[in-house]
Amino acid sequence: MPIEFTHVPGKSTDAAVPFFYDFAETATKLGLIEDGGFQKIVVDDPAGLLTNMDLGAQVLNRTASLEVVLTHWAGVIEPTVAARQLASIDRESGGRLALRMISEPLNDDDAETRPVGHGVIWQRIDEYLVLLKRLWSNDRPFDHEGAFYSIKGGYIERKGPHGADLVIRMGGQSGTALKVAGRHADVFELAPGSIDEVRQLMERVRGAAAEHGRAGKLRFALPVRIHQGASTAGYKAVDLSGPPAQAALSLLAYAGLGIDEFMIIGVDTPREIATVGRETIALLRNSLARREDHDAFQPGAYAPRAGLGTRAAG
C-alpha cells in the first residue's frame, strides 16, 4: 500500500489563530490540501470534543476525498450518544471518518471528567471502545454494566457504512497504553524518535497486537514537522530541516521501517501547503516508486544514510 499523508493543522505564521477559526479561509486551504497529495486531515480543535464533531462534519461536507481524523476521548458524552453521532457523520460522508482516541482532553474544561490514574484512564478507554464497536454492529438492544458505563437497551438503528470497522487510531508508549491499542487500534500513531527508537516501538506495538491476533492488521503513522518558518506548539514530531529533497530522503528512511503514513505538522499557510505537496510529497512518492521498481522494496530493507537532518522534537 502506498504511503499516505495526513495534514495536522497548527497555527499559521501570519496569524496566531486556530486553523478552523475562519472557515472561508479554511475552505481554500482544504482545497489545496486535497489537491496537494494529502489523504487525511486531523481535527483536534482546543474548543473541545463537541466542537471537533461539528468541525469534522463541516470538513467532510466541503471536501470530496479527504478523510477526517477526528480527535476524541472518553468521558465527555455517553457511548450510546457518541456512537449515534459518529455513525451519522461517517454515513453522511460516505465512510470518510476515522476516530483518533487520545487519553487526555484537549481542554481543561473537561478536567472534571478525567479519572485519576494512568491505568484507570486506559481501562475506561478500553470499555468505551468495546461499547462503541458493539453499538455499531449489534442487531438487537443489549444491556451492559461495567466499571465506567451502564447501558440499558443499548442500540442505534442507523449504523455507519463501516459498522464496527470504523478506523480507530491510538498511540502511547506505556505497557498499559499498548495493551489497549493492541486490542483496538487499526492505525498506531508513533512517538517521534530516531530510526532505532521508532523501530523498537513498532516491535512493541506489534507484540501487543499479536496477543489479540491483530499483529498483521496494524498500520503505523509517524508525526513529522517540516520547517517552513511556522511555529506549531503542542505536537511532538520528528523534526525535519533542510531543502525538500533532504526532507524527502529523511522520510524515505523512516518509510523503510514499514511506516504507512506521515502526519505533516507545521504546514498551514496556502504557500506552505502547496510547496510541500508539490515538492516533498512528490519527491518521496517518486523515490519510493523507483525503489520498488528496482530493489523489490521490503519494509526494513534499507537503513538511513548518515547526515540526515532529523531529530525528535516536542
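Numbering (our numbering) for the sequence shown: 89 to 402. By construction, the Cβ of each residue, glycine as well, lies at the ideal position given by its N, Cα and C atoms. Fair warning: this is a prediction, and the values are worked out from it, not measured in the lab.
So for residue i, helix, strand or coil by DSSP?
i           : result
residue 297 : helix
residue 111 : helix
residue 169 : helix
residue 121 : helix
residue 90  : coil
residue 106 : strand
residue 309 : strand
residue 361 : helix
residue 101 : The pLDDT assigned to residue 101 is 46, lower than 50, so where the model puts this residue is not dependable; a value taken from the coordinates is nonetheless given after this. Here residue 101 sits in coil by DSSP.
residue 155 : strand
residue 177 : helix
residue 389 : Note that residue 389 has pLDDT 48, beneath the 50 cutoff, so the model's placement of it is unreliable and the number below is only indicative. Here residue 389 sits in coil by DSSP.
residue 244 : coil
residue 282 : coil
Quick one: measure Cβ to Cβ for residue i and residue j, integer angstroms, because I've assumed they're closer than 8 Å.
i           : j           : result
residue 372 : residue 341 : At roughly 11 Å, the Cβ-Cβ gap does not stay under 8 Å, so residue 372 and residue 341 are not in contact.
residue 96  : residue 188 : Not really, about 10 Å apart at Cβ, beyond 8 Å.
residue 175 : residue 260 : With a Cβ gap of about 26 Å, residue 175 and residue 260 do not count as contacting.
residue 278 : residue 178 : Not quite, the Cβ-Cβ distance comes to about 25 Å (not below 8 Å), so this is no contact.
residue 132 : residue 159 : 4 Å
If the criterion is Cβ atoms closer than 9 Å, does the pair residue i and residue j meet it?
i           : j           : result
residue 152 : residue 122 : yes
residue 52  : residue 292 : A question about residue 52 goes unanswered here, because the residues of the chain that appear run from 89 up to 402.
residue 368 : residue 314 : yes
residue 273 : residue 91  : no
residue 190 : residue 268 : no
residue 345 : residue 275 : no
residue 239 : residue 186 : no
residue 98  : residue 111 : no
residue 325 : residue 280 : yes
residue 210 : residue 265 : yes
residue 219 : residue 134 : no
residue 353 : residue 308 : no
residue 250 : residue 242 : no
residue 154 : residue 120 : no
residue 180 : residue 149 : yes
residue 156 : residue 128 : yes
residue 303 : residue 216 : no
Determine the burial state of residue i: buried for a count of at least 16 other Cβ atoms within 10 Å of its Cβ, exposed for fewer.
i           : result
residue 109 : exposed
residue 100 : A caution first: residue 100 carries a pLDDT of 46, below 50, which makes its placement in the model too unreliable to give a value.
residue 114 : buried
residue 311 : buried
residue 360 : buried
residue 182 : exposed
residue 296 : buried
State the beta-bridge partners of residue i as determined by DSSP.
i           : result
residue 95  : 129, 352
residue 233 : 238
residue 189 : 160
residue 258 : 276
residue 209 : Residue 209 pairs with nothing; no bridge assigned.
residue 314 : 328
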